[in-house]
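To start, the structure itself, in structure tokens.
2 protein chains.
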Amino acid sequence: MNLTQLIHGNVQKHEGQLAVCYQGQSWSYGELSDRVARLAGALQEVGVDIGDRIALMAMNSSRYVEVLFAVPWAGGVFNLVNVRWNVDEVAYGLQDSGARVLIVDDAFATMVPALLAAVPQLETVIFIGDGQCPNGLLCYETLLATTHPITDVYRKGDDLAGIFYTGGTTGKPKGVMLSHANLMTFAVTAALMSGVEQQTRMLHCAPLFHIAGMGFLLMALLQGGTQVLIPGFDPTEVSRAVHTHRITDVLLVPTMMHLLLDAPGFNSSDFKSLSTIIYGASPMPMGTLDKAGELLPHVNLEQGYGMTECGVVTMSSPDFHSLEARQSGRIRSAGVAGALQEIRVFNDQGNELPVGEVGEVVVRGTNVMLGYWGKPELTKDVIVDGWLHTGDGGYIDDQGRLYIVDRVKDMVISGGENVYSSEVETIVSQYPGIAQCAVIGIPSDEWGESVHAVLVSSPDSGTPSSLTVSDLRKFCKQHIAGYKCPRSFEFMDSLPISAAGKILKTELRKPYWKNSEKQVS
Amino acid sequence: MNLTQLIHGNVQKHEGQLAVCYQGQSWSYGELSDRVARLAGALQEVGVDIGDRIALMAMNSSRYVEVLFAVPWAGGVFNLVNVRWNVDEVAYGLQDSGARVLIVDDAFATMVPALLAAVPQLETVIFIGDGQCPNGLLCYETLLATTHPITDVYRKGDDLAGIFYTGGTTGKPKGVMLSHANLMTFAVTAALMSGVEQQTRMLHCAPLFHIAGMGFLLMALLQGGTQVLIPGFDPTEVSRAVHTHRITDVLLVPTMMHLLLDAPGFNSSDFKSLSTIIYGASPMPMGTLDKAGELLPHVNLEQGYGMTECGVVTMSSPDFHSLEARQSGRIRSAGVAGALQEIRVFNDQGNELPVGEVGEVVVRGTNVMLGYWGKPELTKDVIVDGWLHTGDGGYIDDQGRLYIVDRVKDMVISGGENVYSSEVETIVSQYPGIAQCAVIGIPSDEWGESVHAVLVSSPDSGTPSSLTVSDLRKFCKQHIAGYKCPRSFEFMDSLPISAAGKILKTELRKPYWKNSEKQVS
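Protein chains in written order, with my numbering: chain E, 73 to 593; chain B, 73 to 593.
What follows is the structure in structure tokens.
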């Protein structure tokens, strides 16, 4: 179970088949393998040794894919940099991983001088952009043209393949160490659940530095499919790529799906070849699902649930999106566990909870990370007796379907009752004039915690005062139990958002808990 | 990647679904899990500790399946005994593995006294038969009824799962050590190539002590299918089981296929539900393929190639059995490598050979065994730089298709040319009056080795002398190159056969090479 075996297998079975398409260029598996072996040679020439980290900060491209395989081919470990990070964050990540080689494209070349100044161990910068190679950087295509291909060092399943940085919403980012077997387990799990074949033509518009982008790329390579890459998500480019390359599968997050379907030039006929949309990161809003059903009725929807620490864990099949699934509520499920991973729900004491009871979702299997880079104590907190504690609150029904209700730390315990902020937010958001809503627990002498809603009103709904708070409370009580309804409301112009687009509830909680011992993060 | 996670996953996802059917009894996944956990408890009570070997000698049954999971659940290692072995061979295997617990059914209970006498460390014998429990043996159902279920010890992927004894044709049998990850890689590889779903209903008539029987059982458990077991192969019982249980998939060896299709009571209508026949162990004769196409036109044929040391390696899809595949010769291929294993062809010096050239087939991947039990030197000879040397001679074409031509040691090198005994045997066997044929190399001053054919005439062809040797030679020359044609012939009443049904060419070579330094094995 290692990454480079995917290249060897595909070369042996279909050397001439189209492997990667990007910006009008395309490479067969034979050509891809040759380029990977040359880049690996170049990496060894600049001193990359077994286990050395190589940082990659770039938009999606065929060269991105080549780097992903050339690094382990040369014996190294890739450190995929979040392309939304600023210079300080990137510098922190490079210092933390100890990368001595950095690979950048046009979009990030301007960061290089600042990074070289901030990261002393950084020695070599390779430019994989489409434009002119900046001074002082090694040009990728020149390296390939002047280096001899080398034999694959052949890393083993348990060897470290990559470091993926996550978080940052609560303190410094953590480097998630994923082995070759971890990543290949993602690929196999997804392939067994979603199905993949040599005829699969997958479009990659979601960033490859995310575990999902990377994992579904590997899945599509398992059986020799074709990978089509565009630099990043853009509705027009997605439509064009699907049409031009007769794309069969695409991975989207719900926001992308919404933007795609709502784009002015959207034309269903561009999507005739499309068979499957895999979505993840968050549940799909019903409105978006409706629109997908209306505009793309022939397309299967599949949801993947997972996280960097363990890749994909559950998937919901198209059957979870049927009319019957809507009526039964099964549509809200994140699906069932893959064949190579187990899920359970634990209480605070680490004991398994019965079917239907809410607690923390835990995961076990070959997919679970090796640990956090340089943070053995944190690793021990998160992986206990082989079970990865996800921090997600949820329950499992009697058919093994997982339902995520909230982040564990976002649950509010009020008067001894669990209140799931996400449930309350769903209701409050439906009230006319509310654009955004975040529900948190704030200190209460009477209830321990009391349910508090932070609201952003819609631009067209006038001033916040025009929303009647008592009406809003009444509205809530019509839909959910009284103890779940917010006892207090607060209006903001906008909610604090992380680089990954998540609402920073930590920030919202801070002012309320500053005199308390409760951890707000 | 461990075996017991298959039970946990299936219980979570479809606890009530039919898991195992045998002799009119059936168990849901929930019941199977409970029985496995109880048997594991009983094994711990008789002293089974982490890594202890438990020998299992029985025909196929639902209890056989329970033992396969209960042993690792309790922390142990199963030692699957070849049911064709005699007492001496079984005793050797038990001594070699050091098993202190033996599990037997009715068919082998009579061997127990002799085994207890011959194997000093043997302490406990458990009876899993359908009949009356013999004196001195622990009764399986009583154990289950009186033991509390225990929590799964949860073995890891790299832990030893089972010891499978092979060979015996060349000296003592060797114990192949397969880890949990090795066995699960078989399951995943086969599932990715053959496809498996919750609706799969697989019939197991091939013995489960063989890696193929075991591997396809695990494959069918990956997605929660139903396993139907009959004690062993019998054409009438197979037809009845397929009809009664609406079987979708069955694993057969070519001889079983031939016997099934030729059975007097064969009725195609019993096989309406059947979708796939997976066959292996040896290529399917064309006559049998023709008959299958005629009698079961709706059934897909898939071939698996592999061996105990590495499980399934290549599979050929139904497309390898089409008319076009026959015309192009692709039907003779063993298929292409799975997604999680690599195949190559090496020459004597361990260098890779180009496409189309014949050498030794080597295999690399998570499927390759941990090694031979207690035989580290032998393991080093067979696994070199991660590549398992299969001993099979073959070549790979430009589409990655593997063709097996012969056992490497059975190739004859005559006048500097490689002659593949299997190719010559195929031709000679077509001559009227020849029932069996084995081609070996014998010493020749002129040619180094000379091609020699050992023949058994058909019962109805009269005495050997009625076959005209010169006509036979002429017949050969019409079909294959002169240097491949046997230079000498010999008639025998029967050929020496191993317990596994393989012709013992070692025995045939012995008299010719007794004064030579060449290894005949």
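Idealized CB from N, CA, C, for every residue including glycine.
Remember, it's a predicted structure, so these values are computed and weren't measured experimentally.
Express the C-alpha separation of residue j and residue i in angstroms, rounding to a whole number.
i	j	result
G81 (chain E)	Q413 (chain B)	8 Å
G123 (chain B)	D178 (chain E)	56 Å
T218 (chain E)	P307 (chain E)	38 Å
I235 (chain E)	E579 (chain B)	57 Å
W145 (chain B)	A130 (chain E)	46 Å
F305 (chain E)	G247 (chain E)	25 Å
V120 (chain B)	V300 (chain B)	29 Å
E253 (chain B)	T438 (chain B)	What sits at residue 253 (chain B) in the sequence shown is Ala, not Glu. Their backbone Cα atoms lie some 7 Å apart in a straight line.
T241 (chain B)	Q421 (chain B)	Because T241 (chain B) sits at a pLDDT of 48, beneath the cut-off of 50, its placement in the model cannot be relied upon, and the point is left open.
V310 (chain E)	R273 (chain E)	13 Å
P448 (chain B)	S486 (chain B)	34 Å
A87 (chain B)	S100 (chain B)	For clarity, residue 87 (chain B) is Glu in the given sequence; the question names Ala instead. Each residue's alpha carbon lies about 7 Å from the other.
L567 (chain B)	E497 (chain B)	14 Å
I175 (chain B)	I126 (chain B)	7 Å
S494 (chain B)	K228 (chain E)	36 Å
G201 (chain E)	R110 (chain E)	17 Å
V500 (chain B)	V433 (chain B)	26 Å
C93 (chain B)	I512 (chain E)	52 Å
V440 (chain B)	T462 (chain B)	11 Å
S529 (chain B)	A262 (chain B)	40 Å
L332 (chain B)	F338 (chain B)	7 Å
T76 (chain E)	S133 (chain E)	18 Å
Against residue i, what residues of chain E qualify as contacts under a CB-to-CB distance less than 7 Å, listed in chain order?
i	result
E414 (chain B)	Q77, H80, G81
Are the C-beta of residue i and some C-beta of chain E separated by less than 8 Å?
i	result
V430 (chain B)	no
K452 (chain B)	no
I403 (chain B)	no
I122 (chain B)	no
Y467 (chain B)	no
V225 (chain B)	no
Q598 (chain B)	Examination of residue 598 (chain B) is not possible in this model, given that chain B is present from 73 through 593 alone.
A112 (chain B)	no
A411 (chain B)	yes
Following a CB-centred definition, is residue i positioned closer than 7 Å to any heavy atom of the ligand NAD?
i	result
A364 (chain B)	For the structure depicted, the ligand NAD is absent and the ligand set is empty, with no information on it obtainable.
Using the beta-carbon of each residue, which ones in chain B are nearer than 9 Å to residue i?
i	result
V408 (chain E)	G81, Q84, K85
L264 (chain E)	V260, A263, L264, V268, L294, Q295
G458 (chain E)	Y226, K228
What does residue i touch in chain B if you count any residue whose Cβ is under 8 Å from its own?
i	result
V417 (chain E)	Chain B residues near V417 (chain E): none, gap ~11 Å exceeds 8 Å.
Q270 (chain E)	Under the 8 Å cutoff, chain B gives no residues; its nearest Cβ is about 11 Å from Q270 (chain E).
In three-state terms, what does DSSP make of residue i?
i	result
D177 (chain B)	coil
W459 (chain E)	strand
Y226 (chain B)	coil
C548 (chain B)	helix
For residue i, return the contacting residues in chain B, with the cut-off set at a CB-CB distance below 7 Å.
i	result
T438 (chain E)	M73, G229
L580 (chain E)	Here the premise fails: no neighbours, minimum Cβ distance about 36 Å.
State the start and end residues of the unbroken beta strand (DSSP E) segment that holds residue i.
i	result
G520 (chain B)	520–529
W635 (chain E)	Any answer about residue 635 (chain E) is impossible in this case: the structure gives chain E only from 73 up to 593.
K246 (chain B)	246–251
Y94 (chain E)	90–94
H276 (chain B)	273–276
E507 (chain E)	In the sequence under discussion, the amino acid at residue 507 (chain E) is Ala, which differs from the Glu named in the question. Segment 506–516, the beta strand (DSSP E) holding A507 (chain E).
How is the alpha helix (DSSP H) around residue i delimited, first residue to last?
i	result
N372 (chain B)	Element bounds for N372 (chain B): not the alpha helix (DSSP H) but the beta strand (DSSP E), 372–379.
V500 (chain B)	493–501
Q399 (chain E)	395–400
G287 (chain E)	283–294
T578 (chain B)	577–585
G437 (chain B)	Counting along the chain, G437 (chain B) falls outside any alpha helix (DSSP H), though it belongs to the beta strand (DSSP E) covering 431–437.
L368 (chain E)	Where L368 (chain E) is concerned, there is no enclosing alpha helix (DSSP H), given that its DSSP letter is neither H nor E.
Is there a C-beta anywhere in chain B that falls below 8 Å from the one on residue i?
i	result
G102 (chain E)	no
G487 (chain E)	no
Below 9 Å on C-beta distance, what does residue i contact in chain E?
i	result
Q471 (chain B)	Q84, K85, H86, E87
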